[in-house]
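Here the UniProt record's numbering is used: the first residue of the sequence shown is 1, the next is one more, and so on. Positions of the beta carbon are idealized from the N, C-alpha and C atoms, including for glycine. Quick caveat, the model's predicted, so the values are computed rather than measured. Written out below as structure tokens is the structure these notes cover.
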Amino acid sequence: MIELKTPAEIEAMRPAGAFVAAVLERLRGEIAVGVNLLDLDRIAHQMIRERGAESCYIDYHPSFGAMPFGKVLCTSVNDAVLHGLPFDYRIQDGDVVSVDFAASVDGWVTDSALTVIAGPTRRPEDIRLIETTERALAAGIAAAQPGGKLGDISAAIGDVCTAAGYSINLDFGGHGVGHTMHGDPHIPNDGRAGRGLKLKPGLVIAIEPWLLESTDELYTDEDGWTLRSADGSRGAHSEHTVAITADGPVILTQRSKG
1 MIELKTPAEI
11 EAMRPAGAFV
21 AAVLERLRGE
31 IAVGVNLLDL
41 DRIAHQMIRE
51 RGAESCYIDY
61 HPSFGAMPFG
71 KVLCTSVNDA
81 VLHGLPFDYR
91 IQDGDVVSVD
101 FAASVDGWVT
111 DSALTVIAGP
121 TRRPEDIRLI
131 ETTERALAAG
141 IAAAQPGGKL
151 GDISAAIGDV
161 CTAAGYSINL
171 DFGGHGVGHT
181 MHGDPHIPND
191 GRAGRGLKLK
201 PGLVIAIEPW
211 LLESTDELYT
221 DEDGWTLRSA
231 DGSRGAHSEH
241 TVAITADGPV
251 ILTQRSKG
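Here is the structure:
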């Protein structure tokens, strides 16, 4: 069921958005050569405790997960792009690291993700991949206008990605957000403008373009969660929680840095 929030409820979601943004800002600064993925998860866990928030990931067990997730953060490195289960791995120079984080504050959930390159080695292909997801996210947010259609968002994202020469997987995309992390509607990362659900004020959604460098095919890692590229190419993921208002889209997870 699709839930429309009142203006007061959207305001009530702002603390959750600010918290998720703050965690990702901290993690962006912590991602460095030699840092263990489990340390990143511990930092996020500590911030959850200090804020009195609740994790959306621990014990999360949808149909596509082999077991309850068990961590508070998704960390996807290089050929991993989504649902990366943190494990005992120290980040290497040139690694592409995506972190995806969702949490509940006062009963409201927001969800966001970013991708960075660790260390001084920066492959042009990786920079371009990340920048494309960021541009696609910006285009999707700009298209999230009241009175428009859900397909407008999907088409805006898809246009950016296909123009850059990337193929698009439609199995995983954006989603509704509110009292739970994943709700209706599903928002594919490609589509046709002018089609689908009418965008009404009060709709709150996570918009999340993600790409793989040279494929759109995924497989699930032996850990039962992490989604990796079928050909070993690298991935990138960008995401914000966005409220559609009468005055246009409002980014609830806007970060102050970068």
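Contact check, residue i vs residue j, beta carbons under 8 Å
i           : j           : result
residue 72  : residue 91  : no
residue 133 : residue 21  : no
residue 188 : residue 229 : no
residue 69  : residue 37  : no
residue 110 : residue 13  : yes
residue 31  : residue 97  : yes
residue 167 : residue 209 : no
residue 62  : residue 93  : no
residue 191 : residue 151 : yes
residue 234 : residue 129 : yes
Pairwise C-alpha distance: residue j and residue i
i           : j           : result
residue 204 : residue 244 : 6 Å
residue 258 : residue 149 : With a pLDDT of only 49 at residue 258, under 50, the local geometry of the prediction cannot be trusted, and no value is derived from it.
residue 28  : residue 75  : 12 Å
residue 65  : residue 199 : 30 Å
residue 202 : residue 6   : 6 Å
residue 157 : residue 136 : 5 Å
residue 25  : residue 42  : 15 Å
residue 100 : residue 253 : 12 Å
residue 159 : residue 251 : 21 Å
Closest by C-alpha distance to residue i, when choosing among the options
i           : options            : result
residue 176 : 19, 108, 227       : 108
residue 53  : 66, 195, 220, 103  : 103
residue 83  : 219, 256, 242, 247 : 219
residue 232 : 119, 224, 80       : 80
residue 126 : 85, 77, 100, 139   : 77
residue 44  : 170, 118, 19       : 19
residue 164 : 184, 211, 194, 181 : 211
With 16 other Cβ atoms within 10 Å as the buried cut-off, status of residue i
i           : result
residue 207 : buried
residue 240 : buried
residue 124 : exposed
residue 226 : buried
Cβ of residue i within 8 Å of any chain D Cβ
i           : result
residue 255 : This model lacks chain D altogether, as it is built from one protein chain only.
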